[in-house]
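Here's the structure we're looking at; comments come further down.
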Amino acid sequence: MKDIAKLVVAAAATSLLFALPTTATAAPAPEQHHTVRCSVVWFDLGNTLVDTTVAGKMTWMPGALRHLRQLRSIGVPIGLITNVPPEWGATDAERAVATKAYVDGQWAEADPFPWALFGDRILTPRTKAESKPALALFERGKENAAPCRSFYEGETPAEITAAEQAGVIGYLTGQPDRPAYLPLWRVLFPVKA
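Residue numbers for the sequence shown follow my numbering, so the first one is 643 and each next one is one higher.
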């Protein structure tokens, strides 16, 4: 009986998530349904997406690639907010090229790192003072994502606190008492995270 109840709940949830509009449901009053929210999810790179514990040998953190692919498959833009030396370039674009070269030079997975998933959404500090956990990168991320809401996933509590102070919804990854990464429903629906 419990299995049947679970199936009924799963079917109901699926129908709510993937229901196609019909003439009966095409234009409900706004208060009658939840709309999907426009969101951008930002990530820290080292030890959030990429395991850097072995010097010179970067690999995926468990579940990271799957999470990125899930977000992209449902149309959620993703980006990186990562600390690199400001000397790596005069612009975010130049520092992104240097970051990619650094990671690619140490990447130990069979498939290359999928930089294309992030597009041009790679934010790096312009000065040492902008390095996380300073608010500057999170403020730039929020501004870059506007009018959509921004999320930040990272493994460092101080960075999550700073992200939230900048108005970005933070999620501390890798905690044993909850999902390793932000659940998709929190990104999609207008529920306070």
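In this text, a Cβ means the ideal position worked out from N, Cα and C, and glycines have one as well.
None of the values given here were measured: they were computed from a predicted structure.
The continuous beta strand (DSSP E) containing GLU795 extends over residues 791-796. DSSP, reduced to helix, strand and coil, places THR741 within a helical segment of the structure shown. Distance between LEU824 and TYR813, taken at the CA atoms: about 6 Å. For GLY721, same chain residues with a beta-carbon under 6 Å away, outside a window of 5 residues either side, are TRP684, PHE760, ARG763 in chain order.
Contact between the stretch 693-702 and the stretch 763-774 is absent, with fewer than three C-beta pairs closer than 8 Å. SER715 carries a helical assignment under DSSP once its states are collapsed to helix, strand and coil.
Between VAL810 and GLY688, the alpha-carbon positions lie close to 19 Å from each other.
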